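Undergrad:
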Amino acid sequence: MTAVLVALWEANYRVYGARKLWKAAQRAGHRIGRDQVARLMRAAGIRGATRRRRVRTTRPDPEAARPADLVRRDFTAQAPNRLWVTDLTVAPTRTGAAYVCLIVDAFSRLIVGWRVGSHMRTEMVLDALEMARHSRGAHIAGLTVHSDAGSQFTSIRYSERLAEIGAAPSVGSVGDSYDNALAETVIGLYKAELIRGPHHRPWDSATDVELATLGWIHWHNSQRLHTHLGDVPPTEFEAAYAARRPDHQTVGNQYTDPPGKPGRFSSDRLCVELAPACDVPLRRPMSCWERAMPAAGVVGARRGPAGPTGPRGGVLQC
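One rule links them: number in my numbering = place in the sequence shown (from 1) + 939.
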């Protein structure tokens, strides 16, 4: 059984810890307990990926007019293409920094658009937005795109591109990572599992990072088990949602609700209601916001035990 677990661990970028590897083994048809998985992992000398401190990449433009915060730290969505979140990060290479922009659908955690480049100008964000637009639909009514207050996301060209799509811009407050916690979480996974993951090597260039990112995003969307989704991949989660909603229409990959019938299921409810379609035993998980890092004055935030410098908590799970 140890060889089976090591093979599953290798096939998933060597990032799964005991719980995710246990779930992966169950999906592969192996009857094994979680404690046994943890024991065999220790015996084989394998472990999951861990996170490190995030490097700041976006900087606010004090003179730019910022859109209102329409999300207000509620990163739940009733259906696909209701809320996208986006952020930038940086990966060091031998030839300079490589900057990465990701756009994530909050409903299914699917990465709908991305871009890797040697700069972090507005053009890079627009390219990622064009990829998302191509994959999800040229015009998406009712969509909100949320970001931090970086100058790339408050530029005139970015706002004009969102208007072309039919999306409403939303920007969190300056210097508060909680206001873009979902995007920060996915960026953290990307850095922990690929850029600094078990397969980590000195990156040669932005092109090297781009090719590796392409493979990781395909795995993230189609194979990676997400706790928030009841331990199924995003593509499987969206397919189950579409199967559950026979009156749900699609235009290309764009999801639309019939007139007078707005989306009725949040992704949390769907984890329970789609259990037969997902073919896995599910229980209702807490939403990402319920697991969000604690913030002063926010009702419902869950705090961990107080540390020497104040309360501490976990990060959003995906």
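By construction, the Cβ of each residue, glycine as well, lies at the ideal position given by its N, Cα and C atoms. Predicted, not measured: the structure shown is a model, and the values here were computed from it.
Can you pull the DSSP bridge partners for T1032?
TA: Per DSSP, G1035.
Undergrad: Counting beta carbon pairs with one atom in the region 1153-1167 and one in the region 1011-1023, are three or more of them shorter than 8 Å?
TA: No, they do not touch.
Undergrad: Is the beta carbon of G1136 closer than 8 Å to that of Y952?
TA: Yes, Cβ-Cβ distance for Y952 and G1136 is below 8 Å.
Undergrad: In whole angstroms, give me the CA-to-CA distance for I985 and V945.
TA: If I take the Cα positions, the gap works out to 8 Å.
Undergrad: Is it true that the CB of T1083 sits closer than 8 Å to the CB of L1009?
TA: Contact: yes.
Undergrad: Near R1072, what residues of its chain come up, given a Cβ to Cβ distance below 7 Å and the 5 sequence neighbours on each side ignored?
TA: These residues qualify, in order along the chain: I1104.
Undergrad: Roughly how many angstroms separate the alpha carbons of T1061 and A1179, rounded to a whole number?
TA: Their backbone Cα atoms lie some 35 Å apart in a straight line.
Undergrad: Per DSSP, what kind of secondary structure is P1173 in: helix, strand or coil?
TA: Note: P1173 maps to helix in three-state DSSP.
Undergrad: Would you mind stating whether G1052 and L1065 have Cβ atoms separated by less than 8 Å?
TA: No, the pair does not count as a contact, with Cβ atoms beyond the cut-off.
Undergrad: So, helix, strand or coil for S1074, using DSSP?
TA: Note: S1074 maps to helix in three-state DSSP.
Undergrad: How many angstroms separate the CA atom of W1144 from the CA atom of V1029?
TA: Per the sequence shown, the amino acid found at residue 1144 is Ser instead of Trp. Cα to Cα, the separation comes out at about 12 Å.
Undergrad: What number of angstroms, rounded off, separates the C-alpha of L1213 from the C-alpha of R1184?
TA: Caution is warranted here: a pLDDT of 43 is assigned to L1213, below 50, making its placement in the model unreliable, and no coordinate value can be reported.
Undergrad: Would you mind reading off the limits of the alpha helix (DSSP H) that contains A967?
TA: That residue, A967, is in no alpha helix (DSSP H); it is neither H nor E in DSSP.
Undergrad: Leaving out five residues before and five after Y955 in sequence, what residues of the same chain have Cβ atoms less than 7 Å from its Cβ?
TA: Cβ within range, chain order: W948, A963 and G987.
Undergrad: I1042: buried (16+ other C-beta within 10 angstroms of its C-beta) or exposed?
TA: So I1042 counts as buried.
Undergrad: Between V943, A950 and R958, which has its C-alpha nearest H1165's C-alpha?
TA: Per the Cα distances, R958.
Undergrad: Sort D1087, P1173 and W1142 by Cα distance to R1011 and report the nearest one.
TA: Among D1087, P1173 and W1142, the Cα nearest to that of R1011 belongs to D1087.
Undergrad: Just mark V976 as buried or exposed, buried being the case when its beta carbon has 16 or more other beta carbons within 10 Å.
TA: Its Cβ being crowded by 16 or more others within 10 Å, V976 is buried.
Undergrad: To the nearest angstrom, report how far apart G1081 and D1170 are at their CA atoms.
TA: Their Cα atoms are separated by approximately 28 Å.
Undergrad: Look at the Cβ atom of G1035, then the Cβ atom of S1057, and state whether they are nearer than 8 Å.
TA: In contact: G1035 and S1057 (Cβ atoms closer than 8 Å).
Undergrad: By Cβ distance below 7 Å, which residues in the same chain neighbour A982 in space, the five residues on each side in sequence not counted?
TA: Once the five neighbours on either side are set aside, the close Cβ partners of A982 are T941.
Undergrad: Alpha carbon to alpha carbon, how far is I1134 from F1014? Give it in angstroms, no decimals.
TA: If you take the alpha carbons of F1014 and I1134, they lie about 25 Å apart.
Undergrad: Are S1109 and P1006 closer than 8 Å when you measure CB to CB?
TA: Yes; because the gap between Cβ atoms is below 8 Å, this pair is in contact.
Undergrad: Please state whether DSSP places L1009 in a helix, a strand or coil.
TA: The answer is coil: DSSP assigns L1009 none of H, G, I, E or B.
Undergrad: Give me the Cα-Cα distance between D1044 and P1172, rounded to the nearest whole angstrom.
TA: In a straight line, the C-alpha of D1044 is about 13 Å away from that of P1172.
Undergrad: Per DSSP, T1025 is paired with what?
TA: For T1025, which the question treats as bridged, DSSP gives the partners I1042.
Undergrad: For A1107, name the three-state secondary structure that DSSP assigns.
TA: Of the three classes helix, strand and coil, the one that applies to A1107 here is strand, per DSSP.
Undergrad: Short check: CB of A1122 to CB of D974, under 8 Å?
TA: Cβ distance not < 8 Å, so A1122 and D974 don't count as in contact.
Undergrad: Taking the alpha-carbon positions, what's the F1092 to M1063 distance?
TA: Using only the alpha carbons, I get a separation of about 11 Å.
Undergrad: In its own chain, which residues sit with a C-beta less than 7 Å from the C-beta of D1147, not counting the 5 before and 5 after it?
TA: Excluding sequence neighbours, D1147 sits near T1032.
Undergrad: Go ahead and label A1077 buried or exposed: buried means 16 or more other beta carbons lie within 10 angstroms of its beta carbon, across all protein chains shown.
TA: Counting Cβ neighbours within 10 Å, A1077 comes out exposed, since fewer than 16 surround it.
Undergrad: Going by beta carbon distance, what residues of the same chain come within less than 7 Å of S1098, once the five residues before and after it are set aside?
TA: Cβ neighbours of S1098 beyond the five flanking positions: P1108.
Undergrad: Can you list, in chain order, the residues of its chain with a C-beta nearer than 6 Å to that of S1094? Leave out the 5 residues immediately preceding and following it.
TA: Around S1094: T1061.
Undergrad: Could you name the residues of the same chain whose beta carbon sits closer than 8 Å to that of A1106, not counting the 5 residues immediately before and after it, in chain order?
TA: Hits under 8 Å: W1023, I1079, L1082, T1083 and V1084.
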